[in-house]
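Engineer: Protein chains in written order, with the working numbering: chain H, 2 to 115; chain F, 121 to 229. C-beta: ideal position from N, C-alpha, C; glycine also.
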């Protein structure tokens, strides 16, 4: 079955350090992929998306993600994190069984060490 | 530009009471609409989605129901709330990627 896996439940990085959040997907064709961020008590905000073309995608807030078909991955990166980046991050893929649905990973909680 | 509204923002209801959460979208026509629930410390669970007026697909059997009486209105309801219905409820609309509302925090006591 189609799925999205975020292997890291919780990550802590120091402010100013680089960040990489992992996402792996299972999908039979070219996937449509997303990263969302959720601040505590808030809705989800779209950070970036990949539909086709350049495999390195730039998003808002200085984030980027790279689609690697050979590894079935879509990892999120940021060169230097800020305290305001502390939040929950969700990777997602459009369902091939129903284009109306998006399948979300279980999320990675990011904490920032001062 | 498109905006999505949810209300109320927070709600505390006793077990056995009814529920009605409302979601409306502005600035778009015939969107796909979604209801998600997020239990404490958990990921997103898709509850219902709708591709048009009166068209509701249920993802999981449960105590809740959904209705879409107008193109840009999506309502989540229950006749009798259970303790397990507590959580953070998110409405979303999509044109490919999904855009989320601010959510409703429901506590069933």
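1. Starting from residue 220 of chain F, trace the beta strand (DSSP E) both ways and give me its first and last residue.
2. Taking a Cβ distance cut-off of 9 Å, strictly less, list which residues of the segment 22–49 of chain H are near chain F, in chain order.
3. Measuring CB to CB, does residue 163 of chain F end up less than 9 Å from residue 105 of chain H?
4. Which one of F:219, F:167, F:208 has the shortest CA to CA distance from residue 228 of chain F?
5. Taking DSSP as the reference, what is the three-state secondary structure of residue 116 of chain H?
6. So for residue 124 of chain F, helix, strand or coil by DSSP?
7. Output, in sequence order along the chain, the residues in the segment 153–171 of chain F whose CB is closer than 7 Å to any CB in chain H.
8. Which residues of chain F have a Cβ atom closer than 8 Å to the Cβ of residue 106 of chain H, listed in chain order?
9. What residue from F:155, F:132, F:121 has the CA that sits closest to residue 213 of chain F's CA?
10. Which of helix, strand or coil does DSSP assign to residue 50 of chain H?
Structural biologist: The answer reads as follows:
1. Counted from its first residue, the second chain places residue 220 of chain F at position 100. Run containing residue 220 of chain F: 218–220, per the beta strand (DSSP E) assignment.
2. 33, 35, 37, 39, 42, 43, 44, 45, 46, 47
3. Translated into the one-based positions of the second chain, residue 163 of chain F becomes position 43. Translated into the one-based positions of the first chain, residue 105 of chain H becomes position 104. For residue 163 of chain F and residue 105 of chain H, yes; Cβs fall inside 9 Å.
4. Working through the second chain from its first residue, we reach residue 228 of chain F at position 108. With distances taken between Cα atoms, residue 228 of chain F lies closest to F:208.
5. Shown here, chain H extends from 2 to 115; a query on residue 116 of chain H therefore has no answer.
6. Translated into the one-based positions of the second chain, residue 124 of chain F becomes position 4. It is a strand residue.
7. 163, 164, 166, 169, 171
8. By one-based count along the first chain, residue 106 of chain H stands at place 105. Result: 163.
9. Here residue 213 of chain F is taken as the residue at index 93 of the second chain, counted from 1. Answer by Cα proximity: F:155.
10. For the purposes of this step, residue 50 of chain H is taken as the residue at position 49 of the first chain. Looking at residue 50 of chain H - three-state DSSP - the assignment turns out to be strand.
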